[in-house]
Every structure is written in structure tokens, then in C-alpha cells.
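The sequence shown begins at 147 in this note's numbering and counts up one residue at a time. Where a beta carbon is used, it is the ideal one built from N, C-alpha and C, also for glycine. Treat the numbers as computed from the prediction; the structure is a model and nothing was measured. What follows is one structure encoded as C-alpha cells, with my remarks underneath.
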Amino acid sequence: MNATIVEQIIRLVPAVVAMAVFSVFTVLKIMKDYAPFMFTPIVIMMALSVGIDQASHVASAEEHGDDVTHIYVSGGSMSDPYYQFYSDSEGTTEISELDITHSYTFHRLNGATSHPFYVSDSGYEQESSAKVTITGDGSSSSGISGSETFYNLIWRRFHSR
């Protein structure tokens, strides 16, 4: 399936879940008012199905937890190279290219105090396209500080703590 289609489906999930929850509460309200003898068994069945669904979601998240690549970013400078990416927290293994089809979590290298880079697939100081999703603790204007991180997939959350 095309990555853009998958991203659009993922963006629709909260709305679909909200509609489903609203529908369930509406049905429960009607059942409670007009058939109170059925209310308790229905609530128990729903609670069991939600518990089973959450257990499978947790297992799925654990299975894919190793798909992220941790990137450590050096402090910035006003001359070339403006920053450097490393694959290790000691800053010994340099990375020269990133692939936007992978999931990355960015960390400051050795508590770097500057905000030396931006992430975009559209050019300098341009908003990235829908192919790159940036989420996390930082922002485009203030960057990240201390133990904050950011990452490039909306459905995963990683911490540097």
C-alpha cells in the first residue's frame, strides 16, 4: 500500500474511534433506559473486548519497538559542517545520510546547547511535506532542550530519559 494512503488512514483513526465511542455510549444509554436488565451483561462484554484489544495493541507496539534508529546531534556552528549526526551517544560513529522512510529519534549529543538543524524534505526553512511527520517535545521555533527528544513518526513516542 502507498505510504501516503497509510498516513491518511492513520490520521483518520482518532475520528473513527471518537465516532465509535459516541455510538457505543448512545446505545448504552438507550439500553439502560429501555432495557435495564440487559445493561450489565453488555457492559461486561464490552469491557472484556476492550481489554483483549488493548493487550494485542501492546504486543504489537513491543514487536515494532526496535524499528527506530537513535540519532545523536552535535552542537551547531556557524560554518560548515553546521552540525553532525552520530549513531552512538559518545559521538564516535558519524552518519552522513538519513532515509525518510525510516523512523528516527533525535537526541542532543553530550547535552549540546544549540539548535543546529531542521528537518524538511522541501528545502531550507520550508515546511516539510506530508511524507515527513515531526512530533515530540520540541518545536520548530525553540528546538529541544535537556532530555527532550523528537521523532519522525506520529504513532510512536520515544524518550531520551
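Excluding the 5 residues flanking it on each side, T247 has no same chain C-beta neighbour closer than 6 Å.
Between I241 and F231, the gap from beta carbon to beta carbon is short of 8 Å. Scanning N256, M224, Y228 and Y218 for the CA closest to the CA of T239 turns up Y218. Taking C-alpha positions only, N256 is separated from S275 by approximately 31 Å.
Looking at the DSSP output, Y218 shares a beta bridge with Y232 and H253. Counting other Cβ atoms within 10 Å of its Cβ, Y228 stays below 16 and is therefore classed as exposed. The C-alpha of S235 is placed about 19 Å away from the C-alpha of S223. When only Cα atoms are considered, D213 and Y250 end up about 9 Å apart.
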